[in-house]
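Undergrad:
Residue numbers (this note's numbering): 3 to 118.
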């Protein structure tokens, strides 16, 4: 049975696993299909904003999954340095899907290790 995205309990650990798995699947697929090769500090922002999946009628980019959903209710970085990812301003509507989970281990889950 396919579960509609609106019926996902955003406070549960299952929702964290669901969105983390989608994030990593999209990341792996986008990196495999990347024509520009390995990511650089200058190209990572565009890569994260243009790699997308359609989920439940909404289109989510890697940046939106990262900033608005998975890290949506966590604190922002104090001194962000490149390659800090930020979702476009128009993506604020995706904060509706922000997970209630505030587990600091999420930072390790989201570390892609692609840029030194």
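Backbone N, C-alpha and C fix where the C-beta goes; we use that ideal spot for every residue, glycine too.
1) Rounded to a whole number of angstroms, what is the C-alpha to C-alpha distance between residue 47 and residue 87?
2) Do you know offhand how far residue 10's Cα is from residue 34's?
3) Report the rounded CA-to-CA distance for residue 98 versus residue 13, giving the unit in angstroms.
4) Start and end of the alpha helix (DSSP H) containing residue 24?
5) In terms of DSSP beta bridges, what is residue 55 paired with?
6) Return the residue from the list 93, 52 and 57 that minimises the CA-CA distance to residue 69.
7) Does DSSP put residue 50 in a helix, a strand or coil?
TA: Well, looking at it:
1) 6 Å
2) 29 Å
3) 12 Å
4) 15-35
5) 62
6) 93
7) helix
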